[in-house]
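Protein chains in written order, with my numbering: chain L, 4 to 382; chain Y, 30 to 497.
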């Protein structure tokens, strides 16, 4: 018995010792190489599980079988657009934008992309238009620029960029954790392409050795694992968002507040908005056609609706924005479609930009109509 | 339990193991178990409930103990003194109302004068009842109280009624009452342990233990939340066994590491994939549904056996070996073997205190065919095991599923032993038997998970592609 106990003790000491050494070695190795590892690219999506139809984002992971993370490699790897190869019969259209494009409170069938795909549009040469939802629920043009830069690797034939005024103020550009966690990449994209975005990008923080270890990165690594595990639920259920039966509706009665992001009425100056990011996006897209759409907004008819269109926008600011948007498009010869009042007020859900399925369908049909004309005009 | 709670408990267990040879070790172990009970008790919307439930558990234990003991003045005096002793940690915990130290109880306990008053009132009531009852009725009385308590706690409707009542007593709005408000940590295990002791003492299979041993057996903190259900004589032997050895401690640590891995890595990951109340009707493909059912099987095993490993490991660190609860149940090739290796201590408890007494009683009735006796004994035992998990139709059906399964398995074994069939001894048969057993057990979990029978029925149909 003594002998057995002695052996047990020795072997456990050795096991513990080896485990500790391995643990430290793995941490050192990970810390040194993690920036080059792109561990997020390791994925079961499009191999074991079907690719997601929109980028991962989840307010309530356990109910939506989805989660919010800031690892762009993992986000794109889980998306169906990462499925290998682009068939020659496909005309690839990518939609980027905010939560309205992503489809907040909408199932995948009911998003703009969902409806556009259901229309089975094709080009004059017989290529089928396949739309990809690369919207992400953050209102910032710079976030869209970051997504756009990634999108180019997937050979889009057309990029549709849906925007709204709330994504334009310069103070909103960098607030998202997605941007904060990907400052290195954003800086690289800007520098490599010599983009002028018109405002300063914060210096990417230098992570210490400790901050790069597995131990310090455990939450991020656990999120990557959870994203893979939720792939099973996504494949099994087709659900990637929890849509409650009831939610607080968009605000109908508004405050008599004239302010817009601290900008004073009566005139909205172009230099207060990040139009330069649109130009940078256009530059980044290069020869790939890019269509800008000013997305539909809720137009309130409630209290103080003579002052504000909705919770986001005082009338003076939004009206000026539309003028600026039109001028920019004309001056730069961009294809821009202004769909701001395309959807009736009852087709908005919980915010001034989130659409009901009927609202999304209407918008998709509107986009499709213009797209058919645009495609017909293609050489 | 969270991983941090496990780490704290394991550290406490390790420290208690180090001072095993000290005179005050047992008292410290009792005190620690009581404090841990208060600490682990989940919070509730009912004011002070997280304090009162552990306190009532101690009083219940004392009631059951007093019901077994003689009511002579010296014995009573000693029992009261022992109660006073074990209530010291309770009073210390109640002092937290004035100290507001974090984490001792989920919410602030009631005032100390109220605690003393209510404990005093409960003790007086118990004593008056026992004094008024003839000796032969004291056991049925304790049994009745424990059974009623169990029924009220485990039935959603009655639990809701109890919650409303408690809200009302607290002058809290009763419309916010939920059947899940009264989440009493470990009470199912405590009740089974009490019943085991009072039956064995009554049947003179074991002498009356002293109250401290009895209470420690009931609320020994490693086994408080999820068992295993030890038997008092074995537990006492372990408590009195010689000094702790380092090999035991190391074995304990090994079990804890394995248990934590099972629980916090495997089970918690599988939880994202497993069948649940939420995804049961969302899954649109039979293949995924089968996978989700199998994942649940694995999840519940790793979760429960992980906790058991942590409990056994912590016990070993203290120097007390708890009984094993699992023995590779999913590798078994028939249901009888499965139930000999799944939640072993619970199955043994029901065998000892229901199955065998039932069979013995009805064996005397020679007119009853053997198969009827076996069928009724097995089905009733499994129904009771089902109801122990919760008094609702889904647990009843889960019990019935296994009861009938065990009976069929029993008859099949009997038939094959009378007919020599070489086909039964090859590898393929072994594999098929394993597959059938695992699938049968996994399908049974559908009843277990889904409280709504209609949903369970839909899942069964979807598993076979019907109604999709």
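The C-beta atom is built at its ideal place from N, Cα and C for all residues, glycine as well.
Rounded to the nearest angstrom, what separates residue i and residue j at their Cα positions?
i, j, result
"residue 81 of chain Y", "residue 45 of chain Y", "26 Å"
"residue 340 of chain Y", "residue 38 of chain Y", "10 Å"
"residue 266 of chain Y", "residue 419 of chain Y", "32 Å"
"residue 202 of chain L", "residue 264 of chain L", "16 Å"
"residue 267 of chain L", "residue 364 of chain L", "36 Å"
"residue 79 of chain L", "residue 85 of chain L", "7 Å"
"residue 364 of chain Y", "residue 459 of chain Y", "13 Å"
"residue 190 of chain Y", "residue 140 of chain L", "44 Å"
"residue 66 of chain Y", "residue 335 of chain Y", "20 Å"
"residue 8 of chain L", "residue 280 of chain Y", "Summary for residue 8 of chain L: the model assigns pLDDT 43, below 50, so the residue's position carries little reliability; its value from the coordinates is reported in the next sentence. The straight-line gap from Cα to Cα measures roughly 9 Å."
"residue 407 of chain Y", "residue 432 of chain Y", "5 Å"
"residue 387 of chain Y", "residue 358 of chain Y", "26 Å"
"residue 91 of chain L", "residue 307 of chain L", "53 Å"
"residue 279 of chain L", "residue 67 of chain L", "36 Å"
"residue 376 of chain Y", "residue 112 of chain Y", "32 Å"
"residue 147 of chain L", "residue 58 of chain L", "13 Å"
"residue 149 of chain L", "residue 28 of chain L", "34 Å"
"residue 384 of chain L", "residue 134 of chain L", "Summary: the structure shown does not reach residue 384 of chain L, with chain L confined to residues 4 through 382, and so no result is reported for it."
"residue 239 of chain Y", "residue 122 of chain Y", "24 Å"
"residue 178 of chain L", "residue 348 of chain Y", "55 Å"
"residue 203 of chain Y", "residue 211 of chain Y", "14 Å"
"residue 560 of chain Y", "residue 311 of chain L", "An answer regarding residue 560 of chain Y cannot be provided, because it is not within the stretch 30 to 497 covered by chain Y."
"residue 305 of chain L", "residue 313 of chain L", "9 Å"
"residue 112 of chain L", "residue 122 of chain L", "12 Å"
"residue 16 of chain L", "residue 353 of chain Y", "25 Å"
"residue 445 of chain Y", "residue 228 of chain L", "48 Å"
Decide if residue i is buried, meaning its Cβ has at least 16 other Cβ atoms within 10 Å, or exposed.
i, result
"residue 146 of chain Y", "exposed"
"residue 440 of chain Y", "exposed"
"residue 55 of chain L", "buried"
"residue 212 of chain L", "exposed"
"residue 51 of chain L", "exposed"
"residue 107 of chain L", "buried"
"residue 448 of chain Y", "exposed"
"residue 200 of chain Y", "exposed"
"residue 153 of chain L", "buried"
"residue 496 of chain Y", "exposed"
Could you spell out where the beta strand (DSSP E) holding residue i opens and where it closes?
i, result
"residue 126 of chain Y", "Per DSSP, residue 126 of chain Y belongs to no beta strand (DSSP E); it is in the alpha helix (DSSP H), 125 to 128."
"residue 341 of chain L", "338 to 341"
"residue 330 of chain L", "Taken as a continuous stretch (DSSP letters only), residue 330 of chain L belongs to no beta strand (DSSP E), being part of the alpha helix (DSSP H) at 318 to 335."
"residue 164 of chain L", "161 to 166"
"residue 93 of chain L", "93 to 99"
"residue 296 of chain L", "293 to 297"
Mind checking which residues open and close the alpha helix (DSSP H) that includes residue i?
i, result
"residue 142 of chain Y", "141 to 161"
"residue 439 of chain Y", "422 to 447"
"residue 179 of chain Y", "164 to 183"
"residue 65 of chain Y", "54 to 69"
"residue 225 of chain Y", "216 to 231"
"residue 491 of chain Y", "482 to 492"
"residue 235 of chain L", "221 to 240"
"residue 91 of chain Y", "78 to 97"
"residue 106 of chain Y", "102 to 115"
"residue 262 of chain L", "That residue, residue 262 of chain L, is in no alpha helix (DSSP H); it is neither H nor E in DSSP."
At a threshold of 6 Å, does residue i count as lining the ligand ZN (C-beta to nearest heavy atom)?
i, result
"residue 215 of chain Y", "The ligand ZN is not among the ligands present in this structure, which contains no ligands whatsoever."
Only counting runs of 4 or more residues, tell me where the alpha helix (DSSP H) segments fall wholly within the stretch 259 to 305 of chain Y, in order along the chain.
Counting only unbroken stretches of 4 or more residues, the alpha helix (DSSP H) elements lying wholly within the stretch 259 to 305 of chain Y are 261 to 269 and 275 to 289, in sequence order.
Given 8 Å as the limit, is there contact between the stretch 296 to 307 of chain L and the stretch 344 to 357 of chain L, that is, 3 or more CB pairs closer than that?
Yes: the two stretches touch, three or more of their Cβ pairs being nearer than 8 Å.
Mind the definition here: the stretch 395 to 405 of chain Y touches the stretch 276 to 284 of chain Y only if three or more C-beta pairs lie below 8 Å; say whether that holds.
Contact between the stretch 395 to 405 of chain Y and the stretch 276 to 284 of chain Y is absent, because fewer than three Cβ pairs lie under 8 Å.
Note down, one range per segment and in chain order, each alpha helix (DSSP H) of at least 4 residues found wholly within the stretch 348 to 416 of chain Y.
Listed in chain order, the alpha helix (DSSP H) elements of length 4 or more contained wholly in the stretch 348 to 416 of chain Y are 364 to 368, 373 to 379 and 385 to 392.
Scan the stretch 135 to 206 of chain L and note each continuous beta strand (DSSP E) run of 3 residues or more that stays entirely inside, going in chain order.
161 to 166, all fully within the stretch 135 to 206 of chain L.
Is the number of C-beta pairs between the stretch 218 to 230 of chain L and the stretch 316 to 331 of chain L that are closer than 8 Å three or more?
No: fewer than three Cβ pairs fall under 8 Å.
Tell me, please, whether the stretch 106 to 118 of chain Y touches the stretch 49 to 63 of chain Y by the rule of three or more beta-carbon pairs shorter than 8 Å.
Enough Cβ pairs lie closer than 8 Å, so yes.
Touch test, the stretch 251 to 268 of chain Y against the stretch 221 to 231 of chain Y, Cβ-Cβ under 8 Å, three pairs minimum:
Yes, since at least three Cβ pairs between the stretch 251 to 268 of chain Y and the stretch 221 to 231 of chain Y fall closer than 8 Å, the two stretches touch.
When you compare the stretch 377 to 385 of chain Y with the stretch 403 to 417 of chain Y, are there three or more beta-carbon pairs, one atom per stretch, that lie closer than 8 Å?
Under the 8 Å Cβ criterion, the stretch 377 to 385 of chain Y counts as touching the stretch 403 to 417 of chain Y, having at least three qualifying pairs.
May I ask you to verify whether the stretch 237 to 249 of chain L touches the stretch 281 to 300 of chain L, counting CB pairs closer than 8 Å and requiring at least 3?
Too few Cβ pairs lie closer than 8 Å, so no.
Check whether the stretch 410 to 430 of chain Y touches the stretch 468 to 486 of chain Y, taking contact to mean three or more Cβ pairs, one atom from each stretch, closer than 8 Å.
With a cut-off of 8 Å, the stretch 468 to 486 of chain Y and the stretch 410 to 430 of chain Y count as touching, because enough Cβ pairs lie within range.
In chain order, what are the residue ranges of uninterrupted alpha helix (DSSP H) at least 4 long that sit wholly in the stretch 10 to 75 of chain L?
Counting only runs of 4 or more, we get 64 to 67.
Are there three or more Cβ pairs, one per stretch, closer than 8 Å when the stretch 240 to 256 of chain L is compared with the stretch 353 to 362 of chain L?
Flag = yes, the stretch 240 to 256 of chain L and the stretch 353 to 362 of chain L touch.
Are the stretch 228 to 237 of chain Y and the stretch 302 to 311 of chain Y touching by the rule of at least three beta carbon pairs closer than 8 Å?
Counting C-beta pairs closer than 8 Å gives fewer than three between the stretch 228 to 237 of chain Y and the stretch 302 to 311 of chain Y, which falls short of the contact rule.
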